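Participant: With the sequence shown counted from 1, adding 3 to any position gets you our numbering.
Questions regarding the structure given below will be posed in turn.
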Amino acid sequence: MTTANLLEFDLEGLAAFCEKLGEKRFRATQLFRWIHQRGASDFAQMTDLAKSLREKLATTARVEALPVITQHESKDGTIKWLFDVGDGNAVEAVFIPEDDRGTLCVSSQAGCAVGCRFCSTGHQGFSRNLSTGEIVAQLWFAEHFLRKHLKRDDRVISNVVMMGMGEPLQNYTALVPALRTMLDDNAYGLSRRRVTVSTSGVVPMIDRLGADCPVAMAVSLHAPNDALRDDLVPLNRKYPIAELLEACKRYLAHAPRDFITFEYCMLDGVNDQPEHARQLVGLVRSHNISCKFNLIPFNPFPASGLLRSPQPRVLAFARALSEAGLVTTVRKTRGDDIDAACGQLAGDVKDRTRAAERMAQRRVSERTVVLHPVRKTAPQEH
Ligand code: SF4
């Protein structure tokens, strides 16, 4: 008989499951706490549940984590796990410790169909959406592993960023219950401000998320104009920048933070010139949107054909935005000795969409934008 994996349920879903077993809804809250707060997977351990319920659960349910294929720990404390999600697919999650927080970067899909040029995951193509349970299992495993590993009783993970493999808003129905479990005080109790969904700009789903489960939002912008963004983030051809920024403004009416974070991956000679900074400033002003910029040093991989912007140019770009009044940070790269830095998550994906093949063809016949290394002589940059 197939049993239900209880990691698939948010509290509402678990209450409905308990009702089907003929149990009162409050039993779901007890069960939810055992699973998520205490990391229990053995129903026999759950001693404050009636024996009759434990017996029913033993035959109808399970709490099943994802098998860990590999675990790598960086010298800076970053830990990356590769999880087996079956059928030859594997996804990655990364824990990034900092003085005042512990952040888990979580995957939402095996691969990704968006196909951003600078992203390892995008180059692998797309296999399938993860289920709610597979998204939650990354947090469930990491939190309870880390408590033991770091010998801590209190919560280790304070922040979750949906910035691993996949476009979370293209897996909306699985994402929302997973977010609800992260936020639930009977589970992880994370603040809405500390759970971030990162999107490449699925405009209709930004509106739905604002209505259904608003959390902090990061948008992968990466270009200041449509011609360039069409090439770097192909979803832009469907939802161009102006539409995306208007959706961000609507989202802010619901968001727990009063700004959107714009992620901007710095690509040598592609999007890192003073003109690009000026265009970004103009864009933000013309849409009058409250935002912060996070500049990300690109982590090169051979298939991309792209290079990291030199650090002086990144700093000059940051300065140009800051001097125009835009709050701008430059992301520290973490875990790059274990390929856990931003854009390096690659997992293992059986590409069912031939996206990887199409991307390889695109590299051969560049269309809209000429990508070329910038001249290395600009004195202010070096
Ligand atoms: S950056 Fe995000 S949306 Fe773009 S290909 Fe990578 S995982 Fe997909």
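Each residue gets a CB set at the ideal place from its N, CA and C atoms; glycine is no exception.
Quick caveat, the model's predicted, so the values are computed rather than measured.
Between the alpha carbons of K151 and D210, how many angstroms are there, rounded?
Facilitator: So the alpha carbons of these two residues sit roughly 39 Å apart.
Participant: Between the Cα of R65 and the Cα atoms of W37, N239, W84, Q74, which residue gives the shortest distance?
Facilitator: W37
Participant: Helix, strand or coil for E67 per DSSP?
Facilitator: coil
Participant: Using the C-alpha atoms, what's the distance from K59 back to T6?
Facilitator: 11 Å
Participant: For R232, count the other beta carbons within 10 Å of its own beta carbon; 16 or more makes it buried, fewer makes it exposed. Which is it?
Facilitator: buried
Participant: Note down, one range per segment and in chain order, each beta strand (DSSP E) of at least 3 residues found wholly within the stretch 95–152.
Facilitator: 104–108, 112–114, 129–132
Participant: Assign E384 to one of two classes, buried (16 or more other C-beta atoms within 10 Å of its C-beta) or exposed (fewer than that).
Facilitator: At E384 the pLDDT is 33, less than 50, meaning the model places this residue with poor confidence and gives no usable figure here.
Participant: For the candidate residues G105, L324, S203, whose alpha-carbon lies nearest to that of L283?
Facilitator: L324
Participant: Between which two residues does the alpha helix (DSSP H) carrying T336 extend?
Facilitator: First-last for T336: undefined, no H or E at that position.
Participant: So, under 8 Å CB-CB, C3 and L235 are touching, yes? Tell me the CB distance rounded to an integer number of Å.
Facilitator: The first residue shown for the chain is 4 and the last is 385, placing residue 3 beyond what the model contains.
Participant: Could you give the distance in angstroms between the alpha-carbon of T202 and the alpha-carbon of G167?
Facilitator: 11 Å
Participant: Starting from the Cα of H225, find the closest Cα among C216, A214, P237, V218 and give me that residue.
Facilitator: P237
Participant: State yes or no: is the C-beta of E170 nearer than 7 Å to some heavy atom of the ligand SF4?
Facilitator: Short note on E170: C-beta closer than 7 Å to some heavy atom of the ligand SF4.
Participant: With a cut-off of 8 Å on the beta carbons, I'd call Y175 and M208 a contact; round off their distance for me.
Facilitator: 5 Å
Participant: Skipping 5 residues on each side, what residues in its chain have a beta carbon closer than 8 Å to that of V200?
Facilitator: M165, P171, L172, L178, L182, L212, V218, A219, M220, A221
Participant: Which residue comes first and which comes last in the alpha helix (DSSP H) that contains P315?
Facilitator: 314–326
Participant: Residues in its own chain within less than 6 Å of K252 by CB, not counting five upstream and five downstream?
Facilitator: Excluding sequence positions up to five before and after K252, its CB lies within less than 6 Å of the CB of I292, all in the same chain and listed in chain order.
Participant: Less than 7 Å between the CB of S130 and some heavy atom of the ligand SF4, yes or no?
Facilitator: no
Participant: Following the continuous alpha helix (DSSP H) through F86, name the residue where it begins and the one where it ends.
Facilitator: Per DSSP, F86 lies in no alpha helix (DSSP H); the unbroken beta strand (DSSP E) holding it starts and ends at 82–89.
Participant: Taking just the CA atoms, how far does G136 sit from V88?
Facilitator: 11 Å
Participant: Around the Cβ of L388, are there at least 16 other Cβ atoms within 10 angstroms (buried) or fewer (exposed)?
Facilitator: No answer is possible for residue 388: the residues shown for the chain start at 4 and end at 385.
Participant: Output yes or no for whether 8 Å exceeds the beta carbon distance between I99 and L85.
Facilitator: no
Participant: For D79, which residues of its own chain have a beta-carbon under 7 Å away from its beta-carbon, when the five flanking residues on both sides are left out?
Facilitator: R337, G338
Participant: Output the distance between the C-alpha atoms of T380 and D271, rounded to the nearest integer angstrom.
Facilitator: Any reading at T380 needs caution, since the residue's pLDDT is 30, under 50, leaving its predicted position unreliable; the model's value is listed next. Using only the alpha carbons, I get a separation of about 13 Å.
Participant: From L309 to F148, what does the alpha carbon distance come to, in whole angstroms?
Facilitator: 36 Å
Participant: Which residues mark the beginning and the end of the alpha helix (DSSP H) in which L52 is found?
Facilitator: Element bounds for L52: n/a, residue is neither H nor E.
Participant: DSSP three-state label for H225, please.
Facilitator: Secondary structure at H225: coil, using DSSP grouped into helix, strand and coil.
Participant: Please name the residue or residues paired with E76 in a DSSP beta bridge.
Facilitator: I82
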